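Heads up: the sequence lines are chains F and R, in that order.
For the first sequence, this note's numbering assigns the number -8 to the initial residue and increments by one for each residue that follows.
For the second sequence, this note's numbering assigns the number 2 to the initial residue and increments by one for each residue that follows.
Step one of this worksheet: look at the structure below.
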Amino acid sequence: GAVVSQHPSRVICKSGTSVKIECRSLDFQATTMFWYRQFPKQSLMLMATSNEGSKATYEQGVEKDKFLINHASLTLSTLTVTSAHPEDSSFYICSARVQGPTDTQYFGPGTRLTVL
Amino acid sequence: GQNIDQPTEMTATEGAIVQINCTYQTSGFNGLFWYQQHAGEAPTFLSYNVLDGLEEKGRFSSFLSRSKGYSYLLLKELQMKDSASYLCAVRDEGSARQLTFGSGTQLTVLP
């Protein structure tokens, strides 16, 4: 299957700092990537849809100025959490859409963000 | 919008068969997915249904009834490593093909 990488896998930062998370499709091109957030024992909540070469589409309630998304190439999307606060601590997961008969999303391994 | 329901927890014995149900009420439907997620890891794709009926893939099978808004994931010959959360997700009809996930069913396989 398609491989999606995510970096870093784990990050601890101080409140007020910004953190950048990278999502890469390793063996395919992805015009569309998705960013999710998952709190402990809860399901994945879609934050935004990232489209190569255009602005991301954010879900209701997600602050676009706080969660900056850039999809500059067909294999890379980045999520920057700006001015992070402890309530932003979560598991952030990206996925890449593989277009084809099933049009499946393949997920990266996730990034555990802890804001102190 | 999408409303997806699945049981919170299930327990089964190694070697047994377990069925995890998922019901959905959606404003649009373009396929149903099942993912497996181990704690602290990302979801991995298990199966996909867009037409009514049963899709079989090794020890895993998934069934869909669009008229009833119902799907199930069937796991046979359970192994300890099958202990995980199983997520039901519905894809919408929009161009982005977004997925909406259910809350997940935590399956515990006992020896």
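By construction, the Cβ of each residue, glycine as well, lies at the ideal position given by its N, Cα and C atoms.
Quick caveat: nothing in here was measured; it's all calculated off a predicted structure.
Candidates F/32, F/1, F/36: which alpha carbon is nearest residue 86 of chain F's? F/36
Between the alpha carbons of residue 41 of chain F and residue 59 of chain F, how many angstroms are there, rounded? 10 Å
Proximity winner among F/80, F/99, F/34, relative to residue 86 of chain R (alpha-carbon distances): F/34
Report back the beta-carbon spacing between residue 82 of chain F and residue -5 of chain F to the nearest angstrom; my notes put them in contact at under 8 Å. That pair is no contact at about 15 Å.
Find out if the Cβ-Cβ distance for the pair residue 101 of chain R, residue 91 of chain R is shorter than 7 Å. yes
Using three-state DSSP, classify residue 113 of chain R as helix, strand or coil. No answer is possible for residue 113 of chain R: it lies beyond the span of chain R, which begins at 2 and ends at 112.
Does residue 59 of chain R get closer than 7 Å to chain F when you measure Cβ to Cβ? no
Span of the beta strand (DSSP E), counted from its first residue to its last, around residue 54 of chain R: 54 to 58
Residue 100 of chain F versus chain R: which residues are under 7 Å apart at the beta carbon? 42, 43
Are there 16 or more other CB atoms within 10 angstroms of the CB of residue 1 of chain R, so buried, or fewer, so exposed? This structure cannot speak to residue 1 of chain R, because chain R is shown only from 2 to 112.
Whole-angstrom Cβ separation of residue 17 of chain R and residue 108 of chain R, contact assumed at under 8 Å? Incorrect: roughly 11 Å between the Cβ atoms, too far for contact.
Can you list, in chain order, the residues of its chain with a C-beta nearer than 8 Å to that of residue 81 of chain R? Leave out the 5 residues immediately preceding and following it. 15, 110, 112
Looking only at its own chain, which residues have a Cβ that is under 6 Å from the Cβ of residue 55 of chain F, when we skip the five neighbours before and after it? 49
With DSSP as the reference, identify every bridge partner of residue 30 of chain F, one or two as the case may be. Per DSSP, none; premise fails for residue 30 of chain F.
When the distance is taken between beta carbons, is residue 21 of chain R closer than 7 Å to residue 106 of chain R? yes
Consider the Cβ of residue 105 of chain F: report whether some Cβ of chain R lies at a distance smaller than 7 Å. no
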